[in-house]
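Read left to right, the sequence shown gives residues 703 to 1137 (the numbering used here). Worksheet: the structure to be examined is printed underneath.
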Amino acid sequence: MDSNKRIFIVLLSILLWLPLKSDPQIKNSSFVSPSSVKEIREQLKKLPKENIWWTDNGTNMAWNNKNLHQILTTVNVYRSGPVSTLDYNLVNNINDTEVNTPVGLMNFETFIHHHESTVMGVVIAHKGKIIFEKYPRMQDHEKPIYWSVSKVLPATLLRIYEERKQLDVNKPIDFYIDALKDTSYAGIKIRNILDMASGLDCPDNYETFESCYYLYSMSIGDGFRTEDAEDTPYDFVINTKIQRNAPQGEIFSYSGVDTFVLAWLVEELSGMPYQDALSKEIWNKIGAESDASFIAPRYGIPISHGGFLANMRDMIRFGLLFTPSYKTVSEEKIISDEHIDLILTKGNPMLMQNLYESIPTANMPDDLRHNIYQWDAVYENGDFFKGGWAGQGLLINAERDTVAVWTGYKKDEIHQAREMREIMRELLDKTFEKK
703 MDSNKRIFIV LLSILLWLPL KSDPQIKNSS FVSPSSVKEI REQLKKLPKE
753 NIWWTDNGTN MAWNNKNLHQ ILTTVNVYRS GPVSTLDYNL VNNINDTEVN
803 TPVGLMNFET FIHHHESTVM GVVIAHKGKI IFEKYPRMQD HEKPIYWSVS
853 KVLPATLLRI YEERKQLDVN KPIDFYIDAL KDTSYAGIKI RNILDMASGL
903 DCPDNYETFE SCYYLYSMSI GDGFRTEDAE DTPYDFVINT KIQRNAPQGE
953 IFSYSGVDTF VLAWLVEELS GMPYQDALSK EIWNKIGAES DASFIAPRYG
1003 IPISHGGFLA NMRDMIRFGL LFTPSYKTVS EEKIISDEHI DLILTKGNPM
1053 LMQNLYESIP TANMPDDLRH NIYQWDAVYE NGDFFKGGWA GQGLLINAER
1103 DTVAVWTGYK KDEIHQAREM REIMRELLDK TFEKK
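In structure tokens:
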């Protein structure tokens, strides 16, 4: 072999080797199984026998939250095409930023690894690049549950249909779903359902098996089931007389039943199962690393109000659609500027104001603008947030071009910890404060 060929082979080898050493996303050689065979068997034996799986708190919930594919039936949300590259820019001051935590002022990374923390994973992106990624209590390839963060997914699809003129959110829901005529939802405007202001008295209350929301949970397979429960959530909504606690459009009243009805509307408009519509309109288009899924324990009906399972970097990809860096994951502008403007400026502040006024001991945060389209809160600084029941969150700021995703679990029934939403907002404000 002559010297030129040797030089060419050496250079080619270097070029092929460098990306493997420099790309943090390529981790094939470092795969770690998150559970032993023995641990899986032991954890599955620990599942409650007289109640639903999510009533088990602490480390058992942590394991369950990232292993639902081994516990319940799931339905797929499909990816397609090349994986979109998420570059890394880890040279930042997040690791050195101190934040207020339940155990005092401390470095953010120190806190999430602290024994008082229940954070399982955190990923933060700025201008389309990952600037922080840690998994204190899980592996990076696992697909945890995001609980109510799932609620923004059907709302996002409906906004896409709305912009295509396939949907008028000022019309009542039974205009599009004939089966809802002569039900408690008849006459309720879709916009009010999107904003959690249906006026129906079926809040997320699991205190007794007889509560409206627990009866709904039984019908979809997300509650401990009794013999007289409705067969499906469709049956529940059609057959159950839900009382009113306010006129529609007047007060925020959080209910996963509203989210189920929105997913049902997605099915009516798309002509396909809800999870397939999400695949077609979003997951196929963002260069996701992995298929996602929904838990669907009864007849394969996805738990649209809280059952979404996905890789955390893929949740970052979803969040990036709402930022100027959307081209990092999709050439198509899936989330329009009008969609962002709707979230930031078109909410009804009275919904939250009326809610806080109805609770004598509660004070509305000074910087809270409104809720809208299943997003829990939009703030004066441009943050918009959706949270999950057991320590999950999606926080986006389009102007600042940041996306943060985290997941966790409940240590016990009494929520004592300062909410991660407050910690994350403080962290990002300090990191990107204007000089």
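Beta carbons are placed, not taken as given, at the ideal position from N, Cα and C, and that holds for glycine. Computed from a predicted structure; not experimentally measured.
Is the distance from the Cβ of residue i to the Cβ of residue j below 8 Å?
i: A1100; j: L1130; result: no
i: G925; j: G958; result: no
i: S913; j: N907; result: yes
i: L1096; j: V851; result: yes
i: V854; j: P1004; result: no
i: G951; j: K1048; result: no
i: E969; j: Y976; result: yes
i: I773; j: L749; result: yes
i: E818; j: L807; result: no
i: T885; j: V939; result: yes
i: E1082; j: R1071; result: yes
i: D897; j: N1073; result: yes
i: F1010; j: Y848; result: yes
i: P1051; j: D1103; result: no
i: L792; j: Y863; result: no
i: T934; j: L917; result: no
i: N759; j: E1115; result: yes
i: V739; j: F996; result: no
With distances taken Cα to Cα, identify the nearest neighbour of residue i among the options.
i: I742; options: T1025, L770, G889; result: L770
i: R893; options: N1013, L1053, M840, Y918; result: L1053
i: R781; options: I1037, G1095, N1013; result: N1013
i: R839; options: V963, V821, Y848; result: V821
i: P905; options: Q945, K1029, F1087, K873; result: Q945
i: Y936; options: S1006, L788, L896, E991; result: S1006
i: P999; options: E1040, T775, E1115; result: T775
i: V1080; options: I1042, Q1094, A1064; result: I1042
i: D1088; options: F911, M1122, V779; result: Note on residue identity: the sequence assigns Lys, not Asp, to residue 1088. Considering only alpha carbons, the answer is M1122.
i: D783; options: G1002, K1029, T812, W985; result: The question names Asp, but residue 783 is Gly in the sequence shown. When each option's Cα is compared against that of G783, the closest is W985.
i: P846; options: Q1094, I1061, H828, P1067; result: Q1094
i: L859; options: E1135, D978, D1068; result: D978
Quick one: is residue i buried, meaning 16 or more other Cβ sit within 10 Å of its Cβ, or exposed?
i: T761; result: exposed
i: I1045; result: buried
i: V734; result: exposed
i: M1017; result: buried
i: N730; result: Only weak support is given to the placement of N730: the predicted model assigns it a pLDDT of 48, under 50, and the value that follows is read from those uncertain coordinates. With fewer than 16 other Cβ atoms within 10 Å, it is exposed.
i: K1112; result: buried
i: D842; result: buried
i: S732; result: exposed
i: T1063; result: exposed
i: P856; result: buried
i: Y1001; result: exposed
i: I879; result: buried
i: D1085; result: buried
i: N1065; result: exposed
Who are the Cβ neighbours of residue i in its own chain at under 6 Å, not counting the five residues just before and after it?
i: V1031; result: S786, I988, G989, R1019, L1022
i: M654; result: Because the chain here runs from 703 to 1137, residue 654 falls outside it and cannot be looked at.
i: G823; result: Y837, M840, M1014, T1109
i: M1126; result: L1097, A1106
i: H815; result: P838
i: G1090; result: Y848, W849, S850, V851
i: P949; result: G901
Helix or strand or just coil, what does DSSP make of residue i?
i: V1107; result: strand
i: L869; result: coil
i: Q1076; result: coil
i: H828; result: strand
i: V739; result: helix
i: L980; result: helix
i: G1090; result: strand
i: S995; result: strand
i: Y1081; result: strand
i: T803; result: strand
i: K891; result: strand
i: T1030; result: helix
i: I1177; result: Residue coverage of the chain in this structure runs from 703 to 1137, which leaves residue 1177 outside it and unanswerable.
i: M1122; result: helix
i: Y915; result: helix
i: M898; result: coil
i: E969; result: helix
i: I1018; result: helix
Go through its chain and collect everything with a Cβ distance to residue i's Cβ below 7 Å, but skip five positions before and after it.
i: K723; result: At K723, the pLDDT of 37 sits below 50, so the modelled position is not reliable and the matter cannot be decided from this model.
i: E1034; result: K987
i: K883; result: D876
i: S715; result: Model confidence at S715 stands at a pLDDT of 46, short of 50, so the residue's coordinates are unreliable; what they give is reported in the following sentence. Nothing meets the Cβ criterion.
So is residue i in contact with chain C if we call contact Cβ pairs under 8 Å?
i: A1064; result: This model lacks chain C altogether, as it is built from one protein chain only.
Excluding the 5 residues flanking residue i on each side, which residues of the same chain have their C-beta closer than 8 Å to its C-beta?
i: S737; result: Q745, W765, N769
i: I754; result: S919, D924, G925, F926
i: N795; result: T1133
i: E1040; result: E865
i: K751; result: none
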